[in-house]
Amino acid sequence: MRLAQSIKPMIPITKPYFDEHEERAAAEAIRSGWVVQGPRTMEFERMVAERVGARYALATSNCTTALHLALVALGIGADAEVLVPSYSFIATANSVMHAGATPVFVDIDARTYNMDPRLLEEKISPRARAIMPVHQIGLAADLDAIHEIARQHNLVVIEDAATIIGGAYKGKPIGAHSAAVCFSFHPRKAITTGEGGMVTTNDPDVARQVEMLRSHGANISDYARHGADKVIIEEYPALGYNYRLTDIQGAVGVAQMKKLDWILARRVEIGERYNRAFADLDFIETPYEPPYAKHTYQSYCLRIARNAPKTRDEIMTAMQAAGIATRRGVMAAHLEPFYVNRFGRVALPVTEDATRTTILLPIYAQMTETEIETVITTFRRIVLNAAHG
Ligand SMILES: Cc1ncc(COP(=O)(O)O)c(C=O)c1O
């Protein structure tokens, strides 16, 4: 009780949008008695496949396991190098390590914060097998340029699409541009199943491998076995994992998918509102939209220029004191002790500058008018007070 009283009300960085639909869906899954991956997850997969225009969608326990499975399914393991941005949540590079391969960090474009295709070629060694672009904080990476380099060097492309469900590249949904595309349904994402992930692909072999590997390498799912009218004894042709989603989560996923378009539209509305509200601040850089993609604002990111009167960290502290949660922009995996100890100190100047100078502001579909205004006026007061002395 005392603990609850000591927590200050804050405008959080994000909030899942749940209502009675998710409550009912989860309750129905529990009442049905079937709670491991089953019919509700299959429906969730069907909805995601249809929405992203992919032939197959395979649910997983989270996006990290989705990325791991995609790598294994595509035969990328020991001795292989995978080109990844460091400017991402650490799970991107970790998934490559889990597959037994080596992440090779590529710097980003300073405006989009996504892997810079112009810097890819110099990092491609004879061991390179794959490129793993990340669509960072809801903005698509330049897939055509990346695919062109992948074609020239015979590399596989696996997209880390953790943050971009419902987003598009050149008008075509993210989900079917590459050999495998991996989504996250963590609560920081537009829609959530608590934890959750999905691999989408058009390749039946990749789909088959992912399906088997996520469920201990079994050649038939529990649900199919239980639904059969004869006894089926499963076999285990591959060394698999338990990376399944539960059907309680699958049920929540179905309810969330029905809201996806509304949630995305609200996020764009709020993101654009912020853009207009900060457009006159010349030491603040609002999100950039390249010609090939619209932002889906999984996060709302501002860059605080070097000539700004306050540093990014000072602004974060003042916002926190005013009851508004912020986060540093995206981390840089190559600076973390694990990667420095393993691979030494790599220089990625654009990434390092971005991770030091960016800040994320609250954004979620159900933000009230008052909350949006409070974020805008508080942020402006903090940076402008400092500017004037
Ligand atoms: C770019 C990126 N990749 C991978 C992940 C990992 O996703 P999950 O938490 O579902 O494993 C995240 C999650 O935050 C992410 O932002």
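For the sequence shown, this note's numbering assigns the number 26 to the initial residue and increments by one for each residue that follows. Virtual Cβ for every residue (Gly too), placed ideally from N, Cα, C.
If we ignore side chains and look at the alpha-carbon of each, how far apart do N244 and R250 end up?
-> When rounded, the separation of the alpha-carbon atoms in N244 and R250 is 10 Å.
Own chain, CB closer than 6 Å to D167, minus 5 neighbours either side, in chain order | For D167, same chain residues with a beta-carbon under 6 Å away, outside a window of 5 residues either side, are P142 in chain order.
Alpha carbon to alpha carbon, what distance is there between Q161 and A175?
-> The alpha-carbon atoms of A175 and Q161 are separated by roughly 20 Å.
Return helix, strand or coil for E394, following the three-state DSSP convention.
-> It is helical.
Mind checking whether L83 and R239 have CB atoms under 8 Å apart?
-> Yes. Within cutoff.
Please determine if the region 221-229 and the region 201-210 are in contact, where contact requires at least 3 C-beta pairs separated by less than 8 Å.
-> As far as the Cβ criterion goes, the region 221-229 touches the region 201-210, which means the pair count is three or higher.
Nearest candidate by alpha-carbon position, reference D307, set L289, I199, R298 and L327 = Of L289, I199, R298 and L327, the residue nearest in Cα terms is L327.
Sequence-distant residues of the same chain with beta carbon closer than 6 Å to M344, five excluded per side = Counting only residues of its own chain and dropping the five nearest sequence neighbours on each side, M344 has a CB closer than 6 Å to the CB of T351.
On the three-state DSSP scale, how would you describe N244?
-> Secondary structure of N244 (DSSP, three-state): coil.
Bridge-paired residues (DSSP) for Y369 | Before going on, a small fix: residue 369 reads as Gly here, not Tyr. BP columns for G369 are empty, so no partner.
Is there at least one non-hydrogen atom of ligand 1 closer than 7 Å to the beta-carbon of N87?
-> At a threshold of 7 Å, N87 counts as near ligand 1, since its beta carbon sits closer than that to one of the ligand's heavy atoms.
Beta-carbon proximity check, L289 vs I183, cutoff 8 Å | No, they are not a contact pair.
Could you check the C-alpha separation between P64 and I273 for me, to the nearest Å?
-> Taking the straight line joining both Cα atoms gives about 10 Å.
Any non-hydrogen atom of ligand 1 closer than 7 Å to G200 Cβ = Ligand 1 has no heavy atom closer than 7 Å to the beta-carbon of G200.
Does the region 103-115 come within contact of the region 367-385, defined as at least 3 CB pairs closer than 8 Å?
-> Contact holds: three or more Cβ-Cβ distances are below 8 Å.
Contiguous beta strand (DSSP E) assignments of at least 3 residues, all confined to the region 141-214 = Qualifying beta strand (DSSP E) stretches, in chain order: 153-156, 181-185 and 205-209.
Can you tell me whether S246 is buried or exposed, with buried defined as 16 or more other CB within 10 angstroms of its CB?
-> That one is buried.
Could I get the ranges of all uninterrupted alpha helix (DSSP H) runs contained in the region 96-145, with 4 residues as the minimum, in chain order?
-> DSSP runs (the alpha helix (DSSP H)) wholly in the region 96-145: 116-123.
Proximal residues to T127 (C-beta, below 6 Å), its chain only, five neighbours per side dropped = Closer than 6 Å at the Cβ level, and outside the excluded window around T127, lie E106.
Return yes when at least one heavy atom of ligand 1 lies under 7 Å from the C-beta of H211, else no.
-> Yes, since a heavy atom of ligand 1 falls inside the 7 Å radius drawn around the Cβ of H211.
Return the bridge partner residues of T85 from the DSSP annotation.
-> Beta bridge pairing from DSSP links T85 with G222.
Whole-angstrom Cβ separation of G222 and N87, contact assumed at under 8 Å?
-> Approximately 5 Å separates the beta-carbon atoms of G222 and N87; this is inside 8 Å, confirming the contact.
By the 10 Å Cβ neighbour count, where 16 or more other Cβ atoms means buried, how is L264 classified, buried or exposed?
-> When all chains shown are included, L264 counts as exposed.
Reduced DSSP secondary structure (H/G/I, E/B, other) of R269 | R269 falls in the coil class under three-state DSSP.
Can you find a heavy atom of ligand 1 that lies under 7 Å from the Cβ of G222?
-> Correct: G222 has its Cβ closer than 7 Å to ligand 1.
Decide if the region 326-340 is in contact with the region 394-402; the criterion is three or more beta carbon pairs, one per stretch, under 8 Å apart.
-> The region 326-340, when compared against the region 394-402, does not touch it at the 8 Å Cβ threshold.
Identity of the residue in K197, A135, F210 and Y194 nearest E310 by Cα = Taking only the C-alpha atoms, the option nearest E310 is A135.
Can you tell me the Cα-Cα spacing of E70 and V224, whole angstroms?
-> For E70 and V224, the distance between alpha carbons rounds to 9 Å.
Answer yes or no: the CB of D134 versus the heavy atoms of ligand 1, is any distance below 7 Å?
-> D134: no, Cβ never under 7 Å from ligand 1.
Start and end residues, alpha helix (DSSP H) containing L285 | Per DSSP, L285 belongs to the alpha helix (DSSP H) from L285 to F303.
Is the beta carbon of L164 sitting closer than 8 Å to the one on L108?
-> Taking 8 Å as the cut-off, the Cβ atoms of L164 and L108 do not count as close.
Rounded straight-line distance, which links the Cα of S209 to that of A302 = When only Cα atoms are considered, A302 and S209 end up about 30 Å apart.
Per DSSP, what kind of secondary structure is R49 in: helix, strand or coil?
-> Correct three-state label for R49: helix.
Can you name, in chain order, every residue of its own chain whose Cβ lies under 7 Å from the Cβ of E53, other than the five neighbours on each side?
-> Exclusion of the five residues before and after E53 leaves A276 as the residues of its chain whose Cβ lies within less than 7 Å of its Cβ.
Near A118, what residues of its chain come up, given a Cβ to Cβ distance below 6 Å and the 5 sequence neighbours on each side ignored?
-> Excluding positions up to five away in sequence, the list reads V109, P128 and A358.
Roughly how many angstroms separate the alpha carbons of M67 and R154, rounded to a whole number?
-> Taking the straight line joining both Cα atoms gives about 31 Å.
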